[in-house]
Amino acid sequence: MQMIPLFISGAEIAFIVFILVMVFGADKIPEIAKGLGKGMRTIKDATNDIKTEITSNKQIGEMGGKNIKEEVDKVKEEIEEITGSIRRK
């Protein structure tokens, strides 16, 4: 197992914990940690949902890319027909 340097020593971590206990009290720290954990879990779930959505859309695009391009071309032609007489030159 590799040790990742945190750029913070044990004494500094102990000092931070001491300050947290002094500011929030020993009773509130578990609640704060639980809230932070839930927040991080929510963010992780949201990013996983976004990744899944992107990959599924990518796969759909690869499978039906020609059909999508044809549909886009049809819509472009219809828009040009409608706006042709209105367009300013």
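Each residue of the sequence shown is one higher than the last, beginning at 1091 in the working numbering. Quick reminder that beta carbons are idealized off the backbone N, C-alpha and C, glycines included.
Check, Outcome
"Straight-line gap, T1142 to M1112 (C-alpha atoms, nearest Å)", "43 angstroms"
"Rounded C-alpha distance that separates S1099 from I1109", "16 angstroms"
"Under the three-state DSSP convention, the category A1104 falls into", "helix"
"Cβ-based neighbour list, K1118, same chain, cut-off 7 angstroms, excluding 5 preceding and 5 following", "none"
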